[in-house]
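Participant:
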Amino acid sequence: MDLKKIFEHNEQWIAEKLSKNPDYFKSLSSGQKPEVLYIGCSDSRVTAEELLGAQPGDVFIHRNIANMVPNTDLSSMSVINYAVSHLKVKHVIVCGHYNCGGVKAAMQSSDLGILNPWLRNIRDVYRLHARELNAINDEEQKYNRLVELNVQEQCMNVIKTPDVQRAYKDRKLQVHGWVFDIRTGMLKDLKIDFDQKMDKIMEIYRLD
Ligand code: CO
0 MDLKKIFEHN EQWIAEKLSK NPDYFKSLSS GQKPEVLYIG CSDSRVTAEE LLGAQPGDVF
60 IHRNIANMVP NTDLSSMSVI NYAVSHLKVK HVIVCGHYNC GGVKAAMQSS DLGILNPWLR
120 NIRDVYRLHA RELNAINDEE QKYNRLVELN VQEQCMNVIK TPDVQRAYKD RKLQVHGWVF
180 DIRTGMLKDL KIDFDQKMDK IMEIYRLD
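Taking numbering that gives the first Met the number 0, I'd label the letters of the sequence shown as residues 0 to 207.
1. If you reduce the DSSP assignment to three classes, tell me which class Cys154 lands in.
2. If you run the structure through DSSP and keep just helix, strand and coil, what is Pro45?
3. Answer yes or no: do Asp57 and Val35 have a C-beta to C-beta separation smaller than 8 Å?
4. In chain order, what are the residues with a CB under 6 Å from some non-hydrogen atom of the ligand CO?
5. Roughly how many angstroms separate the alpha carbons of Val208 and Gly176, rounded to a whole number?
6. So what does Trp177 bridge to, in DSSP terms?
7. When you compare the region 41-54 with the region 15-27, are there three or more beta-carbon pairs, one atom per stretch, that lie closer than 8 Å?
8. Just to confirm the assignment: which complete beta strand (DSSP E) runs, minimum length 3, are found wholly within the region 5-87?
See the structure below:
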């Protein structure tokens with residue numbers, strides 16, 4: 000990738016935006032009011048804005064390896080805090096993807112240094128769903144299912160945050176689990192019923 004091209008592209012992009020709306024950057028700099036928080040994988044093939052058809056100002060975005068929301072991760076917790084409690088987004092989307100290298104690495108037992116504690120969160124997802132996953136003989140299918148279950152568990156981690164618990168009390172906020180299929184380009188809504196998944200356990204996360 001030619002880095003010089005990036006700056007050439009930048010000039011073209013500015014000209015294009017201004018030709019359609021001379022006040023484009025003036026209004027962009029006046030503030031943001033995105034309605035969506037997107038949490039996705041850092042994978043270069045899974046873009047956020049392009050995938051969502053979003054424009055600047057539309058989506059608050061957080062990306063890391065394997066779209067994780069660990070309870071003690073200051074970065075993702077801060078993003079959720081700001082998006083939910085300050086920007087007051089209406090939707091939180093956790094979007095995973097098939098062929099995710101992070102999920103693949105978590106299924107293997109190689110020592111990956113600093114990635115070990117990060118990937119251990121995915122290994123814990125495997126442990127939580129070991130019965131279902133171990134019953135799948137086809138490795139590819141097992142890998143795909145772990146991608147989906149990881150999205151489900153990260154959505155639950157979003158729901159467990161004090162910010163989301165507080166938001167649930169006074170406004171409508173929806174959490175969605177999606178998966179992007181790199182092989183076809185299709186975006187799939189996993190349509191997870193969190194009320195059912197967290198039935199009889201939700202109380203311990205609820206804040207008074
Ligand atoms: Co990935």
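Each residue gets a CB set at the ideal place from its N, CA and C atoms; glycine is no exception.
Facilitator: From the atom records:
1. To locate residue 154, count along the sequence shown from 1; it is residue 155. In the structure shown, Cys154 sits in a helix (DSSP, three-state: H, G or I).
2. Residue 45 sits at position 46 when you count from the first residue of the sequence shown. Checking the sequence, you will find Val at residue 45 rather than Pro. Of the three classes helix, strand and coil, the one that applies to Val45 here is coil, per DSSP.
3. Walking along the sequence shown from the start, residue 57 turns up at place 58. Walking along the sequence shown from the start, residue 35 turns up at place 36. Yes, the Cβ-Cβ distance between Asp57 and Val35 is below 8 Å.
4. Cys40, Asp42, Ala65, His96, Cys99, Gly100 and Gly101
5. Beyond the ends of the chain as shown, which are 0 and 207, falls residue 208; an answer cannot be given.
6. By one-based count along the sequence shown, residue 177 stands at place 178. Residue pairing by DSSP places Trp177 opposite Cys94 and Asp188 in a beta bridge.
7. No, the region 41-54 does not touch the region 15-27.
8. 35-40 and 58-63
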